[in-house]
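Q:
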Amino acid sequence: MTVPGRRSSNFTRLLRHGFTDPSAAERLLDLPDMSSARTDPVLLDALGATADPDLALRGLVRLVEAQDPAERQSLLDTLITAKPLRDRLLGVLGASEALGDHLARHPRDWQALVTYEATDLHPGVADFERGLADATDPVTLRVAYRRCLLAIAARDVCGTTDIAETAAELADLATATLRAALAIARGAAPADAVQCRLAVVAMGKCGGHELNYVSDVDVIFVGEPVEGADESKAVQAATRLASHLMRICSETTVEGTIWPVDANLRPEGRNGPLVRTLSSHLAYYQRWAKTWEFQALLKARPVAGDLALGEDYIEAVSPLVWQAAERENFVADVQKMRRRVVDNIPVAEVERELKLGPGGLRDVEFAVQLLQLVHGRSDATLHSGTTLEALRALAHGGYVGRADAAQLDLAYRFLRAMEHHIQLYRLRRTHLVPEDAADLRRLGRSLGLRTDPVGELNKEWKRHASVVRRLHEKLFYRPLLDAVAQLTPGETRLSPKAARQRLEALGYADPGAALRHLEALSSGVTRKAAIQRTLLPVLLGWFADSADPDAGLLGFRKVSDALGKTPWYLRLLRDEGAAAENLARVLSAGRLAPDLLLRAPEAVALLGDPEGLVPRGRDALEQEVLAAVGRADTAEAAVAAVRGVRRRELFRTAAADLIGSYGTEDNPAEADPGELVDRVGNAVTDLNAGTVSGALRAAVRAQWGDTLPTRFAVIGMGRFGGREQSYGSDADVLFVHEPREGVDEQEASRAANAVVVEMRRLLQLPTTDPPLLIDADLRPEGKSGPVVRTLASYAAYYRRWSLVWESQALLRAEPMAGDTDLGRRFLDLIDPLRYPAEGLGDDAVREIRRLKARMESERLPRGADPTLHTKLGRGGLSDVEWTVQLFQMRHGWAEPGLRTTRTREALAATHAAGLISTEDAQILDEAWVLATRVRNGVMLVRGRAGDTFPSDSRELGAVGRYLGYGPGRVGDMLDDYRRITRRARAVVEELFYGA
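Heads up, the sequence shown is in this note's numbering, so the first residue is 586 and it goes up one at a time.
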């Protein structure tokens, strides 16, 4: 008797054996049917050894209760005396609630686990066919299938078979099941059966002999008429048989379902005929098939029906499979397939997705299949549909390092074991790691993790997933380094031909040059070469993920040649995790940033500093620039120093823009493109303002020392004044001066003009640095008027002669350099012009509309596509800006928020004032941001400014990557641009033209 308030010794013993609910276990063991076994230590030990002792005991009690009363004791006696049965039965009951349900419905099926002969350990298709032989309809087929599945699960949970053997057994059981289902279908339609030959070709994991417990069984059907039969009628008969076979396996009955039979890998997918003749299959694959279809055919294997016809199919399509890597767009297709898989995973599930998520099973399978397609052209030993067999063959052939292959083999086996045991619990198709603690505990124990099942499981899972995340480095790139470095004598390595084939498949347009770069960087026994051999496999993967891998590798070699002897360079890339990836992104994304970096390679240090990519403010830049000018001996030296600062800051801005647009492994791409545009606009405007300030100070010091005879200010106009500059923008300016007290006006004017001439000369001196052109064409009277005027002259001109377009241009006026008080007074002068009291009159509005219409018809370059021109095209920058500026001139006098030089700020203020709808404001903002990003992207990619998309396919792809479009999605990018700008134009027609 148990003392009240104290736990029984049996309770403690159950707790020690791994039961999480010992009280419930005690009640179950106290049931009359369990009386003979309740205290048996052998039974308790066996229950405690299962993945879930509570589940195993519940299942055992249900199984005992389901027996005929006369047979209950026989089951318990056999269970206690026969260790093989005990381990198998309790192991299954503790791992699978679904198979426990099956045993409760079919209580005699436990006897399928009694046999323990040597031949029972590794059954094949024939053994499973015997196990299914008595099935005559879908219901009895399901019962027989579950009975066979019991034995497979028992061998699995007891460790009699490893994960690869279990997957092969499941594939063999699926083969036997398809044959049995086809036999049932033929028996139901003998007239159809005699008309046709029907082959069932397994695809996917079934074809690869690596099936899960619960998975779609992918198939392709091939049909031919028997001799003398009509082909059309024979194909129709074969289609009816195939459809019936699919229903037999897939439909839900009183015994549930087996698994869905999926024929969507067939030519044309679900839109194509279910059954085709062999010649029809071949015609499709030769003319229309895509890369992924040849990749899928790697695993094709005839399993049921007319096996001779199935073999003919394999023999016919195999040559096409091994030529797939030579197809145009092979690389882009492969990258696109992998990205599409990852992109389709719900965000909330990515971290729990075993199969499709980063570091998941699909990563290994996909990489192995890619290498098979690349190297299987010339090496038949790689022609295996099974992932682990193919991985071993790749290692044996020297295409993958042996140690890396062994590590990936272990990781793949662990992840597959997790997937199997997750599915086995309820026999449901899932690849998600559970979140419930009890489920995680069962899963961990099923994998042999008993001390801390949940903690150990998460640790092991993350460890193996991290190995898989680095698989591209291990499988694709490290062997390339081994091939050129040749440091380990006697080890099998890639041949030069195989190395070139691999580089081509990974997107390198000039594999010969790439191999020369790799050899130059990594050969030898120096410490520098050793570090490069560590870095390059990772860098090559990042380069290959870009639109121009060749440029990335060439740029890296140039930077390494320039900095290789400095002690900090390779240490920075090796030790600062972000620096190497940031450098790879910058070097392979286009011409501008690498060109800037190669002129001053030491700027690579910015990429390893967490604050290194943050743009510096205008005050800090101006302070540095003016200090550099003060230290210089001549005006030319001063401006050279200023240009050096500008080059560095342009690189900082471009690098931050590229990394923010591409994202890194640790930081996703910036989600708000408007934020990227504003960041670039502010940064480039600030550094250009600093450059103008430096040139102004240098010009003044050279002739007048510290003080010019006249106050002088530089007013930014256009994108310069609007703080919306792009990388290639000129600096639109007005120059204004005011004679100092006691200085003759003519002397002041000569000094002001001399300063302007000198500033322009200094900024146009020949140099390798990006030029900053000063454009003063927006001044009164344009090119015909004086370059610089006094403040009084500006006042007189604007009072008498100012035109409406000049008032519109002044909306962007903002002081950028020189005398701040003079700049402020210039703004006071022009405010009544750009924000006229009571707004614009009707005549002025009509004039602005007329000017805009004329500009549209006359200024668009000949031959330019108006739907793709970012500045003057439909719904482009000009459309949005003129619309916003019209609102500013009509309502700025009454709405202070509209008194800004920035387009997006003015647009937001127009919406806030209730002048346009939320939808219209969003449409205009989206179009303006997109057009601006395209211009930025073109400059980053080509190294020179442009207002339309590049015509070169690689450059166009690089702009697409900058905008967030994956490989092969250039068409989507252009379609989206046209759609977004078309909507913007419709808004412009209504708001600007009053349509």
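Cβ coordinates follow ideal geometry from the N, Cα and C atoms, glycine included.
1. CB-CB under 7 Å to G961, same chain, minus the five flanking residues each way: which ones, in chain order?
2. Since I1359 sits in a beta bridge, which residues does DSSP pair it with?
3. Is A699 helix, strand or coil when you go by DSSP?
4. Keeping to the same chain, check which residues put their C-beta closer than 7 Å to that of P589; ignore five residues upstream and five downstream.
5. Here's a check: name, in chain order, each residue in its chain whose Cβ is nearer than 6 Å to the Cβ of A753, leaving out the five neighbours to either side.
6. Can you tell me which residues form a DSSP beta bridge with R1374?
7. Using the Cα positions of W1153 and D1413, report the straight-line distance between them to the nearest angstrom.
8. Where in the segment 636-697 do unbroken runs of the alpha helix (DSSP H), each at least 4 residues long, occur, reported from the N-terminal end onward?
9. So R673 packs on L698, CB below 8 Å; how close in whole Å?
10. Between the beta-carbon of Q1331 and the beta-carbon of Q1393, is there less than 8 Å?
11. V649 to L614, Cα distance in whole Å?
12. Please report whether the beta-carbon of H794 lies at a distance below 8 Å from any beta-carbon of chain E.
13. With DSSP as the reference, identify every bridge partner of G1175, one or two as the case may be.
14. Pop quiz: I1168 and L1192 are said to be a contact at Cβ under 8 Å. What is the actual Cβ separation, rounded to whole angstroms?
15. So what's V985 in DSSP terms, helix, strand or just coil?
16. Alpha carbons only, please: which of A784, L976 and Y984 is nearest the one belonging to Y891?
17. Could you check if N797 is buried or exposed, using at least 16 other CB atoms within 10 Å of its CB as the buried criterion?
18. Pair every Cβ in the segment 1163-1180 with every Cβ in the segment 1218-1226, then say whether three or more of these pairs are closer than 8 Å.
19. So, L767 versus C733, is the Cβ gap smaller than 8 Å?
20. How many Å lie between G1248 and A1098 at the Cα?
21. Could you pull the DSSP bridge partners for F806 from this structure?
22. So which of A1178, E1250, E1161 and L1211 has the shortest CA-CA distance to D1194?
23. Alpha carbons only, please: which of A1361, V919 and P654 is nearest the one belonging to G1553?
24. Between V1544, M1401, A1223 and R1001, which lies nearest to V1269 when the distance is taken from Cα to Cα?
25. Taking its Cβ as the centre, do 16 or more other Cβ atoms sit within 10 Å of A881, making it buried, or is it exposed?
26. On a Cα-Cα basis, can you pick out the residue from D1242, H1496 and R1475 that is closest to V1526?
27. Starting from G1301, trace the alpha helix (DSSP H) both ways and give me its first and last residue.
28. Does the distance from the CB of R647 to the CB of A689 come in under 8 Å?
29. Who does V1052 pair with in a DSSP beta bridge?
30. Compute the distance between the beta-carbons of P1355 and L1235, then report whether it is under 8 Å.
31. Is it buried or exposed, S963, if we count other Cβ atoms within 10 angstroms and call 16 or more buried?
32. Curious, which full-length alpha helix (DSSP H) runs of at least 4 residues does the segment 1092-1129 contain?
33. Whole-angstrom Cβ separation of A1068 and A1084, contact assumed at under 8 Å?
34. In terms of alpha-carbon separation, which member of A874, G1458 and R1063 lies closest to I1565?
35. How big is the Cα-Cα spacing for R1447 and L1541?
36. Hey, V804 and A787 are a contact pair by Cβ (cut 8 Å); roughly how many whole angstroms apart?
A: Taking the geometry as given:
1. W907, L967 and H968
2. A1316
3. Residue identity differs from the one stated: residue 699 is Val in this sequence, not Ala. Note: V699 maps to coil in three-state DSSP.
4. Bear in mind that the predicted position of P589 carries a pLDDT of just 48, short of 50, making it unreliable; the figure below should be weighed with that in mind. Answer for P589: no residue qualifies.
5. H794
6. V1321
7. Going by the C-alpha atoms only, they are around 53 Å apart.
8. Complete alpha helix (DSSP H) runs here, min 4: 638-651, 654-666, 668-680 and 682-690.
9. 5 Å
10. no
11. The straight-line gap separating the alpha-carbon atoms of V649 and L614 is approximately 12 Å.
12. The structure shown contains no chain E; it holds only a single protein chain.
13. Beta-bridge pairing links G1175 to no other residue.
14. Note that residue 1168 is Leu in the sequence shown, not Ile. Confirmed, about 5 Å.
15. Three-state result, V985: coil.
16. Here residue 891 is Asp; the residue named in the question, Tyr, does not match the sequence. Taking only the C-alpha atoms, the option nearest D891 is A784.
17. buried
18. no
19. Between L767 and C733, the CB-CB gap reaches or exceeds 8 Å.
20. 28 Å
21. Per DSSP, V785 and V860.
22. Closest by C-alpha distance to D1194, out of A1178, E1250, E1161 and L1211, is E1161.
23. The shortest C-alpha separation from G1553 is found at V919.
24. M1401
25. buried
26. D1242
27. Note, G1301: premise wrong, no alpha helix (DSSP H); beta strand (DSSP E) at T1295 to G1301.
28. yes
29. In the DSSP output, where bridge partners are listed per residue, V1052 has none listed.
30. yes
31. That one is exposed.
32. 1096-1107 and 1112-1129
33. Contact flag correct, Cβ pair sits at about 5 Å.
34. G1458
35. 21 Å
36. 6 Å
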